[in-house]
Each structure stands twice: as C-alpha cells, then as structure tokens.
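S.K.: Residue numbers (this note's numbering): 1 to 344.
The beta-carbon is built from N, C-alpha and C at its ideal position, and this holds for glycine as well.
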Ligand code: NCD
Ligand code: ZN
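Here's what the structure looks like:
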C-alpha cells in the first residue's frame, strides 16, 4: 500500500507541559490529532476544575492559526480530592481523572500514597460515569522495576475492578503481556492505551551497546516477549486497545544526565510510527480502529468526521529541536528514517 486515509485520529494520553513549552507541544500534536487527553502532572498539578479550565485556555492559545484541535482535560487525584471536585469537574466539561501512585513517575509527588484512600472518590466517579485513568505500577522499593505493572494489576487493579464494576478505567501505556491479557479478558468498562515506543522497542533498545536515555520512559521498556504481546494486541483489532502516545517532553539536558528524566517526546512523529508498526504487522486495515475509532467510542465522544492521509515516503526525524526557551530537546528516534509521512 502506498497511501492510507483515516478518520482524523486522537491521542488519548499525552503531556503538553506548561508555559513556553506549549508553543512547541501543542502545534506538534495539532498537526495530526483532532483531540488529546492532556495529562495533569504539571507543576503544580491540575487538581480542580478551575485549574483545568485555566490550563485549557493556555493550550487553546498555543494552537496554530486556524487549528480546531481540542484538548480534553483531566484532574490529578490527590489525598485532598473531594467528591465535589469530581462533580464540579464533570459539570465543567473535564473528561477524566488520573491516578498516579505517589513517586511512580515525573511530577507524581503530590499523588495519593494509598489507592484505598481514594475509594470514596472512585465511588463518585462510578456514579458520575467519569473515567479513571491509571498509571499502573506499584512503587514499593522491594518490587523489581520490571515487575511493577504486573504486581499493580494483581494487587490494586483486580480488587478495584471488583469493587467498582461500572467505573470506566483506562490502564495507560501498558507494557506487558500480563496487562494485555488482563485487559482483553476484562469487561467493556476497561481499556488500555499503547505508546509507539512500547510497540517499537524493548529493553535491549534501552540498555545494549550503551545506555540510551532517550528510550527511557515509564513504565520502563520490557523484554521482547512483552513487546510482541503488545504488537499482537493492536494487530488483533480489539476495541480495548487504542492510541495514546504518552508523548512526554524533557529538555535534552534533563535526559542526558546522571539522573535522567523518564519520557519520550514522540508528538512529532507518533502517527507515522504507529503506521509503520501496523504495516510491519501486515495489519494496516486495523490502524483506523486503533487510532480513530475505539478511543472516542470508549470515552462516549463522537468520532471525528474529517480525514487525514498518510503516504509512503521516507523522511528523517530531526536530531534536535530548539524549544521556545532556547533549550534543545531530542525527539523520539531522533535521526532515524520514518517510512510514512502525513500528506500536507
Ligand atoms: C511521563 C512524564 O514525563 O510526564 N513520563 C513517562 O516516562 N511516561 C509521566 C508518565 O506518563 O509516566
Ligand atoms: Zn504519561
């Protein structure tokens, strides 16, 4: 196939950051996505409807001229989140709330240290039909980093789903065969997002031949067998798996550091990379479901009506981009050749 046309896709998980950075991140995403679920782990985190609406205004102001891109806002759940916060968020058009285990990832210090403390909030979310988005990793020191997703599923997610069977839950950026099987077997109230990096890479790409800080993200890349399970999941065409880039920019100096930040900046090329993966899997006919249909269906939002066309054409991902503050950032797979390109 030399050309493929899809209903315009949406990105169901990404990080725009705030301030000046929005002038880079928002146009990059608006180039090919109509909507995006915007993660609330800014500094400070987005913890109530008022903050979400302020943040939304800043994002809208950073759109390119004429863009109709729509950010879908989320709340960050903390020990101080009240039932009223959820009710207000829903009434204000906020789309979902995000649970981070404390200390799990970038800017998660404000998070709740025990998920059980949030059960009264989850009850309200279930009643309000307000989706819960989960970073699914335990953070206990004694649990190996490669096992943290599986242990979270067994310890936290199974009891949660049993207690709140009608709470819509997205297990974000899944990385393991265990998560694929759990989601595939779960009720229709559960779904998962999958990133380009977890489809394209495994932990060898992080650690063999020298440490590769730009391939470091959380949950960390797993062994090849898990990567294959994720690829099979998207190739299956199951509506429970949909697109979420987890594009998470960090300046070059914070990635290439003695204690480097987690996150891959993939907004620039994510759609082309997903297309490459589906082609490798001989499943290009499944791409539209993953990228453009299953996400809005799960979130009970209308599907987009415009279309986007990708053509088979090589291009090179830039080695670096200069951010509005003058600092360089290294995009995901910098310098590599991509085989698909959005038709302008
Ligand atoms: C994300 C970030 O930098 O905000 N990093 C990442 O590696 N994915 C946070 C997250 O989604 O875990
Ligand atoms: Zn994320």
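Report the option in 321, 32, 326 whose CA atom is closest to the CA atom of residue 335.
M.R.: Nearest of 321, 32, 326 to residue 335, Cα basis: 321.
S.K.: Along the chain, where does the beta strand (DSSP E) that runs through residue 35 open and close?
M.R.: That run of the beta strand (DSSP E) goes 35-38.
S.K.: How many angstroms separate the CA atom of residue 363 from the CA atom of residue 260?
M.R.: The shown model of the chain, from 1 to 344, leaves out residue 363, and the question about it has no answer.
S.K.: Taking 7 Å as the line, does the beta carbon of residue 248 fall inside it for any heavy atom of the ligand NCD?
M.R.: Under cutoff, so the answer is yes.
S.K.: Is residue 13 near the ligand ZN, going by C-beta to nearest heavy atom under 7 Å?
M.R.: Checking the Cβ of residue 13 against the ligand ZN gives yes.
S.K.: Run the proximity test for residue 261: is its beta-carbon closer than 7 Å to any non-hydrogen atom belonging to the ligand NCD?
M.R.: Result yes, Cβ under 7 Å from the ligand NCD.
S.K.: Distance check for residue 105 and residue 218, CA to CA, integer angstroms please.
M.R.: Cα to Cα, the separation comes out at about 7 Å.
S.K.: Between residue 102 and residue 78, what straight-line distance do the alpha-carbon atoms span, to the nearest angstrom?
M.R.: If I take the Cα positions, the gap works out to 9 Å.
S.K.: For the region 78-147, which segments carrying the beta strand (DSSP E) assignment without a break, of at least 3 residues, lie completely within its bounds, in sequence order?
M.R.: With a minimum length of 3 residues, the continuous beta strand (DSSP E) runs that stay inside the region 78-147 are 96-99, 132-134.
S.K.: Is DSSP giving residue 312 helix, strand or coil here?
M.R.: DSSP places residue 312 in strand when its eight states are reduced to three.
S.K.: What residue ranges within the region 231-256 form continuous alpha helix (DSSP H) runs of no fewer than 4 residues, ordered along the chain?
M.R.: Runs of the alpha helix (DSSP H) inside the region 231-256: 252-255.
S.K.: Between the Cα of residue 341 and those of 317, 312, 331, spot the shortest distance and give me the residue it belongs to.
M.R.: Selected option, being the one with the closest Cα: 312.
S.K.: Have a look at residue 151 and residue 252 and give me their C-alpha separation to the nearest angstrom.
M.R.: Rounded to the nearest angstrom, the two C-alpha atoms are 32 Å apart.
S.K.: Are the beta-carbon atoms of residue 171 and residue 136 separated by less than 8 Å?
M.R.: Contact: yes.
S.K.: Quick check on residue 190: does DSSP put it in helix, strand or coil?
M.R.: The answer is strand: DSSP assigns residue 190 an E or B state.
S.K.: Buried or exposed, going by whether 16 or more other CB atoms sit within 10 Å of the CB of residue 178?
M.R.: Its Cβ being crowded by 16 or more others within 10 Å, residue 178 is buried.
S.K.: Residues in the same chain with beta-carbon distance under 7 Å from residue 302, minus the five sequence neighbours each way, listed in chain order, please.
M.R.: So the qualifying residues of the chain are 296.
S.K.: According to DSSP, is residue 71 helix, strand or coil?
M.R.: Strand at residue 71.
S.K.: Specify whether the region 80-95 and the region 14-33 touch according to this definition: at least 3 beta carbon pairs, one from each stretch, less than 8 Å apart.
M.R.: Contact fails: fewer than three Cβ-Cβ distances are below 8 Å.
S.K.: For residue 117, which residues in the same chain have their Cβ closer than 7 Å to its Cβ, ignoring the five residues on either side in sequence?
M.R.: For residue 117, where only same-chain residues beyond five positions count, the Cβ hits under 7 Å are 79.
S.K.: With C-beta atoms as the reference, is residue 337 less than 8 Å away from residue 3?
M.R.: No, they are not a contact pair.
S.K.: Ends of the alpha helix (DSSP H) at residue 279?
M.R.: Here the alpha helix (DSSP H) through residue 279 covers 270-280.
S.K.: Could you tell me how far apart the beta carbons of residue 95 and residue 37 are, in whole angstroms, since I believe they sit closer than 8 Å?
M.R.: With a Cβ gap of about 6 Å, residue 95 and residue 37 count as contacting.
S.K.: Assuming residue 145 contacts residue 234 under a Cβ cut-off of 8 Å, what Cβ separation, rounded to an integer in Å, is found between them?
M.R.: Not really, about 24 Å apart at Cβ, beyond 8 Å.
S.K.: Assuming residue 222 contacts residue 184 (C-beta within less than 8 Å), just tell me the rounded distance between them.
M.R.: Contact doesn't hold; Cβ gap of about 17 Å is too wide.
S.K.: If you follow the alpha helix (DSSP H) that residue 65 is part of, which residue opens it and which one closes it?
M.R.: First-last for residue 65: undefined, no H or E at that position.
S.K.: Roughly how many angstroms lie between the CA atoms of residue 24 and residue 73, to the nearest whole one?
M.R.: Each residue's Cα considered, the two are about 19 Å apart.
S.K.: How far does the beta strand (DSSP E) with residue 3 in it reach, from first residue to last?
M.R.: Its beta strand (DSSP E) spans residues 3-7.
S.K.: Check whether the Cβ atoms of residue 263 and residue 11 sit closer than 8 Å, and answer yes or no.
M.R.: No. Outside cutoff.
S.K.: Look at the alpha carbon of residue 329 and the alpha carbon of residue 165, and state the distance between them as a whole number of angstroms.
M.R.: If you take the alpha carbons of residue 329 and residue 165, they lie about 42 Å apart.
S.K.: To the nearest angstrom, report how far apart residue 33 and residue 195 are at their CA atoms.
M.R.: Taking the straight line joining both Cα atoms gives about 15 Å.
S.K.: Who are the Cβ neighbours of residue 276 in its own chain at under 7 Å, not counting the five residues just before and after it?
M.R.: The answer, listed in chain order, is 338, 339, 340.
S.K.: Which of helix, strand or coil does DSSP assign to residue 10?
M.R.: Here residue 10 sits in coil by DSSP.
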